Every structure is written in C-alpha cells, then in structure tokens.
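I have placed the structure first, in the form of structure tokens, so that the comments after it can refer back to it.
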Amino acid sequence: MSKKKILVVAVVFILLGVSLIGLSGDSGWNKRYEEPIQISFIARGIKTESWSTIEQGIEQAANDLNVEITSIYLSSENNVEEQVALLKREVQNGADAVMIAPVNSQDLRAPIEEAQKFVPVVAIESTVEGLENLPYIGCDNFALGRALGEEIFKQGAKGNKVAILQSSLSCSSVYERYQGMLEVLQQNGMELSFWEIPDDPTQAYETAKKLLQKRDVNKAVALDGATLEAVARAEKELSPPGVTTVDIFGVGRTNQVVSYLEEKVITSIGVQNEFNIGYLGVTTAVSQIKGDWSENATINFAIVNYADMYTPENQRLLFPFVR
Numbered sequence: 000m001s002k003k004k005i006l007v008v009a010v011v012f013i014l015l016g017v018s019l020i021g022l023s024g025d026s027g028w029n030k031r032y033e034e035p036i037q038i039s040f041i042a043r044g045i046k047t048e049s050w051s052t053i054e055q056g057i058e059q060a061a062n063d064l065n066v067e068i069t070s071i072y073l074s075s076e077n078n079v080e081e082q083v084a085l086l087k088r089e090v091q092n093g094a095d096a097v098m099i100a101p102v103n104s105q106d107l108r109a110p111i112e113e114a115q116k117f118v119p120v121v122a123i124e125s126t127v128e129g130l131e132n133l134p135y136i137g138c139d140n141f142a143l144g145r146a147l148g149e150e151i152f153k154q155g156a157k158g159n160k161v162a163i164l165q166s167s168l169s170c171s172s173v174y175e176r177y178q179g180m181l182e183v184l185q186q187n188g189m190e191l192s193f194w195e196i197p198d199d200p201t202q203a204y205e206t207a208k209k210l211l212q213k214r215d216v217n218k219a220v221a222l223d224g225a226t227l228e229a230v231a232r233a234e235k236e237l238s239p240p241g242v243t244t245v246d247i248f249g250v251g252r253t254n255q256v257v258s259y260l261e262e263k264v265i266t267s268i269g270v271q272n273e274f275n276i277g278y279l280g281v282t283t284a285v286s287q288i289k290g291d292w293s294e295n296a297t298i299n300f301a302i303v304n305y306a307d308m309y310t311p312e313n314q315r316l317l318f319p320f321v322r
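Numbering that gives the first Met the number 0 numbers the first residue of the sequence shown as 0 and each following residue consecutively.
Put into structure tokens, the structure is as follows:
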C-alpha cells in the first residue's frame with residue numbers, strides 16, 4: 000500500500016474515532032435531560048389535604064417537563080430532625096434536585112447549605128433566612144398578614160377582642176404572616192389574646208374547642224390551613240346551627256375550609272395561589288439543574304369572604320381542581 004493510501008486510511012480512522020467520542024459525549028448529556036429528571040419534594044409536616052393543591056401543581060409540572068417526583072411527608076408536624084435526615088438521604092440517594100418547605104431557618108440553614116454543594120435546592124411555601132442563593136417560591140407573607148389584619152379590623156361588628164392562634168411560628172411563612180397581621184391589629188387598637196395551639200391536628204382541634212368554650216373573644220384567627228380547619232370545626236360544633244358566636248379568620252385552603260367559608264362558619268380567609276407554588280417549584284428546580292440562574296418567584300394571594308368567593312379570580316384560588 001502506498002504512503003498516500005496509508006495516510007488517507009489513517010485520517011479516516013481518526014475522524015471516525017472523533018465522531019464516536021462526540022456521539023458518546025452527546026449521549027451522556029442527552030441521558031441527563033431526556034430521561035426523567037429525579038426531584039424530591041420534602042414537606043414540613045404530615046400528609047394532609049392542606050398540601051394537595053401544591054402537589055397538584057407539582058404533578059402538572061412534572062408531566063409537562065418529564066420529571067419524576069418523590070413526595071415525602073414527615074411523621075409529625077414540623078419535625079425538624081426528621082426533615083434534616085430526609086434531606087441528607089435524598090441527596091445521598093441521587094436526587095437531581097430537592098424542593099423543600101423548611102420547618103424553620105435556624106435548624107435547616109446548615110443542612111441546606113451542605114446539600115447545595117451537591118444538588119440544587121429550592122424552597123417552596125416557606126424559606127430559610129440568610130441563604131441568598133436559595134430560590135424561594137411563595138407569596139409575600141408579611142403583606143398577606145397585613146391584608147388579613149385589615150380584613151379582621153374591617154369586619155368589626157361582633158367586637159374587637161381577637162384571639163391569635165399561635166402554631167408553627169418557627170416556620171418563616173407563618174411567622175411573617177403573624178408579624179404583618181399583628182402590626183395592623185395593634186395599630187388599630189384591637190384587644191388581643193394569644194392562644195398556644197399544638198401542631199398535631201387532633202390536639203389543635205381539642206385545644207381550640209376548649210379555649211372557644213370560654214367565650215371571651217369575638218374573633219379568632221389561624222395562620223395556617225390545618226389550624227384554621229381545626230378552629231372552624233370547633234366553632235361550628237359549639238354554635239347553634241347556622242350561627243357562629245366567634246368570627247373565624249385565617250390563612251389556608253382545604254376543601255373543608257372552603258366549605259366552612261360557604262357555610263359562613265369562616266368569615267374570611269387569605270389564600271395564595273398554591274398550584275403555582277408547586278408548578279414553579281418544579282420549573283425552578285429544572286432550571287437550576289441545567290445551570291440556569293433562578294430568581295425568587297412571588298406568588299399572588301387574595302383575601303376572600305363569602306360575598307366574593309365566586310368571582311372568577313377567587314374561584315381559581317379556591318377550586319384549583321376545576322380547570
């Protein structure tokens with residue numbers, strides 16, 4: 000074989016080798032993004048209906064983006080040790096990203112910082128103070144609290160004695176609502192009582208019922224969905240049919256909460272677009288996996304009462320499953 004032919008054959012083999020390397024590299028890249036991305040979602044409490052709308056948003060985004068979601072709930076409400084252990088486990092088990100509703104800032108800051116060394120982490124519904132590179136998907140909870148406080152003051156027919164149900168205040172979203180509402184109520188001279196309510200839903204109901212039986216307040220307000228449902232149930236059972244002695248206010252959405260609003264057991268609620276929280280949590284996590292910069296997403300909210308619960312805008316918040 001001539002030197003010229005040998006050179007041609009050599010060049011062909013070199014080009015073939017380069018092509019194979021290129022194909023191999025492309026295959027590895029495509030595998031990561033064409034095969035389902037694995038994202039874990041860790042809630043800050045037990046699995047209850049109050050998480051159902053967020054989960055619906057998560058599932059819709061997962062279907063749209065070819066993502067596999069592992070949703071993980073705690074064995075008890077706001078169990079920080081369990082949440083930290085689950086975060087470590089999901090990172091070690093190979094999740095491509097983690098969405099988390101942090102129980103609190105103090106105990107979750109270091110574990111989330113450590114997890115971020117290996118995978119993207121996105122905070123939804125609540126966040127961790129002091130982590131500027133942690134994307135947060137949720138509403139302006141301080142503004143929500145202020146809006147709810149203004150609604151409580153406006154609905155003043157029964158008096159100005161307000162019981163604030165204190166539960167899950169270590170969670171950033173609940174605490175910010177509390178701070179915003181407290182500011183408005185104090186500015187308007189409302190007479191405030193503070194009721195300590197357990198995190199456990201059954202104990203929350205029993206405690207709220209016992210405190211409501213004293214009948215020494217005109218209004219009661221809960222700042223998360225589970226506590227709101229518990230106090231509304233207690234007030235309904237203590238009151239004559241079709242009448243309530245204490246006006247109930249709160250934040251959160253479950254089917255039962257919406258039913259109580261319709262029955263006028265609950266006077267007004269603050270509700271955020273929880274479907275969007277779940278959906279944007281997934282899209283933000285996917286963007287982070289692909290190396291794109293993701294900013295915080297501020298979700299809309301509304302204060303809703305019986306009179307306006309069936310406006311088109313409020314129906315989308317209260318009945319997200321009808322789409």
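From the three backbone atoms N, C-alpha and C, an ideal C-beta is built for every residue, glycine too.
As the structure is a computational prediction, the values presented were derived from the model and not from experiment.
State the DSSP-derived secondary structure class of Val66, mapped to helix, strand or coil. Three-state result, Val66: strand.
Taking just the CA atoms, how far does Ser166 sit from Pro197? 6 Å
Pairing CB atoms from the stretch 210 to 217 with CB atoms from the stretch 169 to 188, are three or more of them under 8 Å? no
Is it the case that the Cβ atoms of Ala100 and Arg43 are separated by a distance below 8 Å? The answer is yes: Cβ separation under 8 Å.
Exposed unless 16 or more other CB atoms sit within 10 angstroms - verdict on Thr201: Counting of Cβ neighbours within 10 angstroms places Thr201 among the exposed residues, the total staying below 16.
If you pair each beta-carbon of the stretch 250 to 260 with each one of the stretch 48 to 60, do three or more pairs fall below 8 Å? yes
So who's on the other strand from Asn187, going by DSSP bridges? DSSP, once it has assigned bridges, lists no residue as partnering Asn187.
Output yes or no for whether 8 Å exceeds the beta carbon distance between Cys298 and Cys138. Looking at the sequence provided, one finds Ile at residue 298 rather than Cys. Result yes, Cβ atoms of Ile298 and Cys138 sit closer than 8 Å.
Looking at the unbroken beta strand (DSSP E) that takes in Val285, where does it start and where does it end? For Val285, no beta strand (DSSP E) run applies; the uninterrupted alpha helix (DSSP H) run containing it begins and ends at Glu273 to Ile288, by DSSP.
Curious, which full-length alpha helix (DSSP H) runs of at least 4 residues does the stretch 285 to 316 contain? none
Taking only the alpha-carbon atoms, compute the straight-line gap between Met98 and Asn304 and give it to the nearest angstrom. 32 Å
Between which two residues does the beta strand (DSSP E) harbouring Asp246 extend? Asp246 to Val250
Same chain only: Cβ atoms within 8 Å of Phe318, ignoring 5 sequence neighbours per side: Val257
Name the residue from Leu168, Thr69 and Met308 whose alpha carbon lies nearest to the alpha carbon of Val102. Leu168
Would Trp194 be called buried (16 or more neighbouring beta carbons within 10 Å of its own) or exposed? buried
Hey, Ile111 and Leu133: beta-carbon distance below 8 Å or not? yes
Cβ distance (whole Å) where Phe300 is taken to contact Val270 below 8 Å: 6 Å
What residue from Gln314, Asn78, Asp199 and Ile276 has the CA that sits closest to Ala122's CA? Closest in alpha carbon position to Ala122, among Gln314, Asn78, Asp199 and Ile276, is Ile276.
Would you mind sorting Tyr177 into buried or exposed? The rule is 16 or more other CB atoms within 10 Å of its CB. buried
Go to Leu86, then tell me how far its alpha helix (DSSP H) extends in each direction, as first and last residue. Val79 to Gln91
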